[in-house]
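Peer 1:
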Amino acid sequence: MSVYEPDVSAGKGYRFTGALFDMNYLNEGILLGWMLSPTVTGDNYVHLYAEWGIRGKDCANSECPGFVQVRSDFAFGAILRPDPKTGNWWLNYGKEGTPVGYWPKSIFTHMTDKANEVSWGGYVHSTSDESSPPMGSGHFASEGFGKSAFFEDINIVNDKNQFVVPNSAFCFIENFNTKCYTMSKIGMNKAGLGFFFGGPGGCRG
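Read in order, the letters of the sequence shown are residues 274 to 478 in the numbering used here.
Here it is in C-alpha cells:
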C-alpha cells in the first residue's frame, strides 16, 4: 500500500481521504490503512488508521475498548490475521511480522475465526455542497507507477494459516465515480498481485 499526502484543505466541512484494507463477516469487521483528515486530526499529515465494528457500533483507533495494543513503536505496513491458537485477530507489520496488538476473538459474534469478504482500496469523503478531495496521490490509475497510488503483494491467510495469493476470478472492481477516480485491473507482476487507484477529485454530490 503506497502512502501519499494529497491536499484536502479546500472546503470547510468534514473531509478525508485515505487507503484501506477491510475485512468483514456479516455486520462485523476490521478496517486498517491510512487517513488524512484535518477535521479529525487537526493537521494535514497522514495517520495510520484502524476501525472495527460489531453489532452496529464502530470504533476508530483506540477511542473505545477492544483493540489490545502490545507495543507502541510500530510503523505503517500492517498485516491482519487470526491467531490459529487463540482466534484473536492480530495486527502485525513488516516482513518479520512484528506484533502490534490484537482484537480479541471474544468481542466478535460472527468473525470469530474467519472473514467472508476482504477489500483493498481508496476512499474519500466531503459534504455534498463541496468538491470531493483527491484520492491516493491525486493521480488517475492510468498514470501508473511513480504517480498513481497502489496496492501490491496482496495476500490472504487460508485455513492452514498460510499466506496465499487470492484467486483473481473471485476479485471484482468497484468504483462509484469514474469521472474523478479510477482503478486499474487487478493483476500480477513482479511485486505480486496488485492494482493502481486514485484521482484528483473535484466531484460534487
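Each residue gets a CB set at the ideal place from its N, CA and C atoms; glycine is no exception.
#1: Go ahead and pull the three-state DSSP assignment for residue 343.
#2: Grab the span of the beta strand (DSSP E) containing residue 372 for me, first residue to last.
#3: Any idea what DSSP makes of residue 281, helix, strand or coil?
#4: Below 8 Å CB to CB, which residues in the same chain sit around residue 419 once its five sequence neighbours on both sides are set aside?
#5: Grouping DSSP H, G and I as helix and E and B as strand, with all else coil, what is residue 443?
#6: Less than 8 Å separating the beta-carbons of residue 307 and residue 326?
#7: In this structure, what does DSSP give as the bridge partners for residue 309?
#8: Hey, could you find the ends of the beta strand (DSSP E) residue 462 is sitting in?
#9: Report the option in 469, 438, 435, 433 whose CA atom is closest to the CA atom of residue 448.
#10: Could you give the C-beta distance for residue 281 and residue 406, rounded to a whole number, given that I count them as a contact under 8 Å?
#11: In terms of DSSP beta bridges, what is residue 392 paired with?
#12: Inspect the beta-carbon positions of residue 293 and residue 394 and report whether they are closer than 8 Å.
Peer 2: Taking the definition as stated:
#1: coil
#2: 371 to 376
#3: coil
#4: none
#5: helix
#6: No, Cβ-Cβ distance for residue 307 and residue 326 is not below 8 Å.
#7: DSSP lists 290 as partners of residue 309.
#8: 460 to 462
#9: 469
#10: 4 Å
#11: 295
#12: yes
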